[in-house]
Structure formats: structure tokens, C-alpha cells
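Trainee: Quick note: the sequence shown uses numbering that gives the first Met the number 0, first residue 0, plus one each step.
Yeah, the Cβ is synthetic: ideal placement off N, Cα and C, and Gly gets one too.
All values reported here derive from a predicted model rather than from experimental measurement.
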Amino acid sequence: MELELQPLNLPSDNERPSCIIAGPCSAETEEQVLTTAKELAAKGCHIFRAGIWKPRTKPGGFEGKGEEALPWMKEVKEQTGMLTATEVATPEHVEQALKYGIDVLWVGARTSANPFAMQALADSLKGADVTVLVKNPVNPDLELWIGALQRLNQSGIKRLGAIHRGFSSYDKKIYRNLPMWQIPIELHRRIPELPIICDPSHIGGRRDLIAPLCQQAMDLGFDGLIVESHCNPDEAWSDAKQQVTPDILDYILSLLVVRDEHT
Ligand code: PEP
Ligand code: MN
0 MELELQPLNL PSDNERPSCI IAGPCSAETE EQVLTTAKEL AAKGCHIFRA
50 GIWKPRTKPG GFEGKGEEAL PWMKEVKEQT GMLTATEVAT PEHVEQALKY
100 GIDVLWVGAR TSANPFAMQA LADSLKGADV TVLVKNPVNP DLELWIGALQ
150 RLNQSGIKRL GAIHRGFSSY DKKIYRNLPM WQIPIELHRR IPELPIICDP
200 SHIGGRRDLI APLCQQAMDL GFDGLIVESH CNPDEAWSDA KQQVTPDILD
250 YILSLLVVRD EHT
């Protein structure tokens, strides 16, 4: 066994694949965050995601509201009872997110590709009682993904999971990031007790690919889904093309066929 793990213990809806994490790519305004969260909670979602510090490919775009948005996440928790999740990329992000009681931290694909950044994050998380999900590195390097998980585990993080968000490629004919399913499948073979969640939003990059990617993930036995959902996707400040309304997400989830013979 390469990691010492405990169950994630994240809430799930009986009718759905265990563990659905949903919410906007970015926290934009207090109103957008609370409206989206309330709509998702009304559909039975239990874990709300929103990016507060946004890694953007080029400078000059919206880079997240930063600490200003953390009280909005606290409000989400108080008003809906949902757990909250956000991306952390630096020790300062970790400190602020933990201060505001964020329940689930995720490490983005650009950060998990960087061992120095991963080690700094792991050091800052020493002794923290928090669930951490690690997205695959942008490049298709399974060992780097496992190494990122190991660094956190060596800092005492035991409620660990992986997120498959696809791999960067120059070829963007269909997918924004190539699924290369063989890589998360091999991760599961290597570390069977590690939960793996699929992120169809960043794999597909398009609304019409969310449903088939969710179904593929279920067919392959993934442990959950993290899907970008926004109360007004066309107006989203980041990743507008891939976000769906809470209504549409609920419809997509309702159509999923989940078989129990997963191994
Ligand atoms: C995100 O989840 O919004 C995000 C920036 O993800 P990734 O690290 O997968 O690009
Ligand atoms: Mn996004």
C-alpha cells in the first residue's frame, strides 16, 4: 500500500452516485454564490464547490475574489447546511481556507504538477483535520500524481482522494483535456482504497459533454463527481462554456445509470 488512508466520509444522496460536489468554477459575488448554492441544495447536493483563487492561463483575466469570498462560503454552510470546497495552491490559501472552516480542499492540476508547490502545501497542512482532493497534474504523469498524494499523506492527511480532470493536450478537437481513462484506472489498480472522483467539466470543456462523461465515469466505477454549476452559466466570469444550471445538473444526474458491481 502506497498511502495510509481513512474514508473520506463525505455525504452522499442515496439516489445518486456517492459524493456529488457541485458549484461554480469561481465565486464571483455573494449573490451568485448563495443563489447557486441554494438551488443546488434544493436539488439534494451536499457539497458546494467554488474557486476563490483562480489559476488563469494568461494574466489580465479574473483571478478570483480571494479572501473576500470566504465569508460567502461560510454563509453557504450556515444557510444550506452544505459542506464547502475550494482550491488551494499556496500555504496562505490553506491558512485562510481553514480559518473560514472550508471542509474540503482541492489541489489544482497546475499545482499537483509542481513538487515544490506540493511540498509547501503539504507542510502547511501538517496536523490539519481536513479532507484533501488532488487533481491529476496537467501532464499525463501518474507518478507525479501519486507523489503529490504521498507528500500530503506524509504530512498526516489521511482523508485523501483524487480528482481526474483530464490531461492537457494541443489536440482540442473534442475534449478540453484528454480523459486518458487508462491513467486513473491504473491509479485505482495501484491504490485501490483511494477514492477517485471524476471532473467532467474540465475534461469536456463543453456543456454537451457533461452527461456522457458522467456516465462514462460511473461505468468505470468512479467514486463520485465534481461538476461545475452556475445559476447563470452564460454570464460566468470563468469557464462559462462548461457550466450548467443546477436544474440541468439535476436532470443529468437523474438520467445516470449506476450499477453496483463496481470493483
Ligand atoms: C477548477 O476546478 O476550476 C480548476 C481551475 O481546475 P483545474 O485545476 O482542473 O484546471
Ligand atoms: Mn473551472
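With a cut-off of 5 Å, give the chain-ordered residues whose Cβ is closer than this to any heavy atom of the ligand MN.
Mentor: Result: Cys24, Asp238.
Trainee: From what residue to what residue does the beta strand (DSSP E) around Glu227 run?
Mentor: Per DSSP, Glu227 belongs to the beta strand (DSSP E) from 223-227.
Trainee: Pick out whichever of Leu148, Glu142, Asp246, Tyr250 has its Cα sitting closest to the Cα of Glu3.
Mentor: It is Leu148.
Trainee: Based on DSSP bridge pairs, tell me the residues matched to His163.
Mentor: According to DSSP, which records beta bridges pairwise, His163 is partnered with Cys197.
Trainee: Residues in the same chain with beta-carbon distance under 6 Å from Ala40, minus the five sequence neighbours each way, listed in chain order, please.
Mentor: Around Ala40: Thr79, Met81.
Trainee: Could you give the C-beta distance for Phe115 and Asn138, rounded to a whole number, given that I count them as a contact under 8 Å?
Mentor: That belief does not hold up - the Cβ atoms of Phe115 and Asn138 are roughly 16 Å apart, past 8 Å.
Trainee: For Thr262, which of helix, strand or coil comes out of DSSP?
Mentor: Low confidence applies here, because Thr262 scores a pLDDT of 48, under 50, leaving its location unreliable; read the following figure in that light. Looking at Thr262 - three-state DSSP - the assignment turns out to be coil, as it is neither helix nor strand.
Trainee: Look up Ile46 in the DSSP assignment and say whether it is helix, strand or coil.
Mentor: Note: Ile46 maps to strand in three-state DSSP.
Trainee: Can you tell me whether Gly223 is buried or exposed? The criterion is at least 16 other CB atoms within 10 Å of its CB, across all chains shown.
Mentor: By the 10 Å Cβ count, Gly223 comes out buried.
Trainee: Across which residues does DSSP place Ala235 in a beta bridge pair?
Mentor: In the DSSP output, where bridge partners are listed per residue, Ala235 has none listed.
Trainee: What are the boundary residues of the alpha helix (DSSP H) that includes His73?
Mentor: A small correction: the amino acid at residue 73 is Lys; His does not occupy that position in the sequence shown. 69-79 is the span of the alpha helix (DSSP H), which, as asked, contains Lys73.
Trainee: Roughly how many angstroms lie between the CA atoms of Leu97 and Pro136, to the nearest whole one?
Mentor: Whole-angstrom Cα-Cα distance: 24 Å.
Trainee: Any idea what DSSP makes of Trp180, helix, strand or coil?
Mentor: Coil at Trp180, not helix or strand.
Trainee: Regarding Arg175 and the ligand PEP, is the C-beta to nearest heavy atom distance less than 7 Å?
Mentor: The answer is no for Arg175.
Trainee: Cutting at 7 Å between CB atoms, please list the residues of its own chain near Ile51, excluding the five before and the five after it.
Mentor: Correct list, in chain order: Ala26, Gly63, Lys64, Gly65, Ala68, Leu69, Thr85.
Trainee: Assuming Pro178 and Ile162 are in contact, meaning their beta carbons sit under 8 Å apart, how far apart are those beta carbons, in whole angstroms?
Mentor: Contact flag wrong, Cβ pair sits at about 13 Å.
Trainee: Could you tell me if Ile5 is buried or exposed, where buried requires 16 or more neighbouring beta carbons within 10 angstroms of its beta carbon?
Mentor: This sequence places Gln at residue 5; Ile is not what is there. The residue is exposed, with fewer than 16 neighbouring Cβ atoms inside 10 Å.
Trainee: If you draw a straight line from the C-alpha of Gly59 to the C-alpha of Lys53, how long is it?
Mentor: Computed Cα separation, rounded: 12 Å.
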